[in-house]
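So the sequences go chain by chain: A and B. Quick note, the first sequence lines up with residues 1 to 156 if you use the numbering used here. Quick note, the second sequence lines up with residues 157 to 527 if you use the numbering used here. Each residue gets a CB set at the ideal place from its N, CA and C atoms; glycine is no exception.
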Amino acid sequence: MRVEPQALTARLQEKYGPAIEVLPDPTVTTILVPPERLPAIAAELAESFNLLLDLTAVDWPEYFEVVYFLWSVPEAEELRLKVRLPKDRPEVSSVSACWPAALCLEREAYDLLGIVFRGHPDLRRILCPDDFVGHPLRKDFALAQADRWEEGPPAR
Amino acid sequence: MPESTKELYTEEITLNMGPQHPSTHGVYRGILTMDGEYVVGVENVIGYLHRGLEKIAENRTYTQFIPYTDRLDYLSAMLNNLGYVQAVEKLMGIEVPERAEYLRIIMAELQRMASHMVFVASFALDLSGWTGWMYPFRDRERILDLFEMASGSRLTTSYLRIGGVAEDVPEEFWPALKALLADLPRCFEEYDGLITGNEIFQARTKGIGILDVATALAYGVTGPNLRAAGLAFDLRKARPYGIYSRFDFEIPTGQNGDSFDRFVVRIQEMRQSLRIIEQAVREIPAGPVRAKLPKVLRPPKGEVYHQIEGSKGILGFYLVSDGSTRPYRLHIRGPSFVNLGAFPLMVKGGTIQDLVSTLASIDIVLGEVDR
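And the structure:
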């Protein structure tokens, strides 16, 4: 199935309402979906996009943006999926049931940016030590803090 | 397991492997749950080499980050350089001079061979094949000599620049390269004779650590590990970057997705890399090797994801620019990190010695796993 940006968006909008938005990007089709719609949309997309190549998040001043890089390997087609989460409660459903590759990638985003993936079977830190305090890729993370291990284990 | 063994079952034990262990290829640590000799489960414990490269990138200019990419997969510095500089070039719309494009291809494919040589050598060593260790390293040495001529450095080359390469290669580079290219087919045959055809090696790798295409894709496994399962998916063909579309080469694939296929696919890939380099050496034009760029790079606001076929799988750089001189965010997809996610699955139910050979066969480098 070829991925036509307009056709795909129209199909998704018809099904899930106009909240699905196409973001301008010259290199790849990028769609923004509301976090509450993500599980259904991910399940639908997983049928044609069989590879979750990458997953990460960006700390913007107004929100956290989780980015999913999807590939349809047989067609060599790409799709980028984004969800925006509030700064005070960055929580979204895990997509690890659709793409098991998310098991380690979501742990990384949780560890480094503090994004909570609901339904992830084993959401723990992966690169930083278990007793590390804070999420280093957040913009408010102070680089020169003296010792990050004295304050005890972090609150989950 | 035979019935008689089941009766002798007592209890599962937890066995710690690594982070200091000769067969874990760096600081990988696995917590194994064992039922006698059989692996019931593996928990990957990583992060011992985490240096926070993505955070460092936010505090460096775009050019300053190039040397850090050498330290991702430290056996493939040139390929890491390539992925990163092409990401920045894509973000800024920079055209690279022809000669630099060819030099990049030559370096990238030499690096792929050098990385696969370490794989072949260490795979043999993990199965106690000392001679098999020596031969690939003898040949890799000559590739590193070439890198030293070009960049002054053998391992952490930092040879590529945004808009080209650091400088043209010296005159003595070409005869040394041509002599190496002439010798390599015989070297590959030696590996085949020493290792591939070895009865013990085959017994230790055939039918071990099987990973099929569907599982590999679900877990995000790419590169030679995916191709060994039978899917000819290579970004150099599927989504050619740089000037790869100009070269004639094949994508070697396996059939069974076992450790043996993963080994054979890499030996075949070295032969294909050799073909690409030979064509590049024939066709390389004269000319400048760096585009004229301002001293301070200020990419426009926006984001770009650039992926290349690294030596271990798809190496991706997600670069977000806010219009300043430093990346707002850089995310690196280390193929080893994702490939390692499928490892527990591949070794479940096997013996502990199979685990060692499977770990060797997926070819992880911890610099890239931990970043």
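On the criterion of 16 or more Cβ atoms from any shown chain inside 10 Å, does D339(B) qualify as buried, or is it exposed?
exposed
Please state whether the Cβ-Cβ distance between E168(B) and T189(B) is less than 8 Å.
Yes, they are a contact pair.
Paired residues, beta bridge with T189(B) - DSSP:
T170(B) and G197(B)
For the region 364–384 of chain B, enumerate the residues whose C-beta is nearer than 7 Å to any C-beta of chain A, in chain order.
L373, A374, Y375 and G376
Sheet register partners of L55(A) (DSSP bridge)
Y68(A)
Please state the DSSP three-state secondary structure of G349(B).
helix
Leaving out five residues on either side along the sequence, give the residues of the same chain with a beta carbon under 6 Å from the beta carbon of L137(A).
L112 and L113
Is the distance from the Cβ of G285(B) to the Cβ of I351(B) below 8 Å?
Yes, they are a contact pair.
Chain A within 8 Å of Y218(B), Cβ atoms only
no
Return the chain-ordered list of same chain residues with a C-beta closer than 7 Å to the C-beta of E91(A), the five sequence neighbours on each side being excluded.
L85, V116 and R118
Quick test of your reading: T217(B) and R482(B), contact by CB under 8 Å. State the CB separation rounded to the nearest angstrom.
6 Å
Rounded to whole angstroms, what's the CA-CA distance from Y230(B) to R11(A)? Just pull it up for me.
Roughly 45 Å between the two C-alpha positions.
Coil, strand or helix - V377(B) by DSSP
coil
Helix or strand or just coil, what does DSSP make of M1(A)?
Unreliable positioning characterises M1(A) in this predicted model, as indicated by a pLDDT of 48, which lies under 50. The coordinate reading is nonetheless provided below. DSSP places M1(A) in coil when its eight states are reduced to three.
Chain A beta carbons: is any one of them nearer than 8 Å to that of F389(B)?
yes
Tell me the DSSP secondary structure of S480(B) in three-state form.
coil
R395(B) versus T166(B): straight-line alpha-carbon distance, rounded:
53 Å
Name the chain A residues that come within less than 9 Å of K211(B), Cβ to Cβ?
L112, P136, L137, F141 and L143
Short of 7 Å Cβ to Cβ, which residues in the region 193–205 of chain B face chain A?
I202 and G203
Tell me which residues share the same chain as A101(A) and place their Cβ nearer than 7 Å to its Cβ, disregarding the 5 neighbours each side in the sequence.
L52
Applying the 10 Å Cβ sphere with the 16-neighbour rule, what's the burial state of D519(B)?
buried
Helix, strand or coil for H135(A) per DSSP?
coil
From T225(B) to G353(B), what distance separates their C-alpha atoms?
Distance between the alpha carbons of T225(B) and G353(B): 36 Å.
If you drop the 5 nearest sequence neighbours on each side, which residues of the same chain put their C-beta closer than 6 Å to that of A146(A)?
Note that A146(A) has pLDDT 47, beneath the 50 cutoff, so the model's placement of it is unreliable and no number is given.
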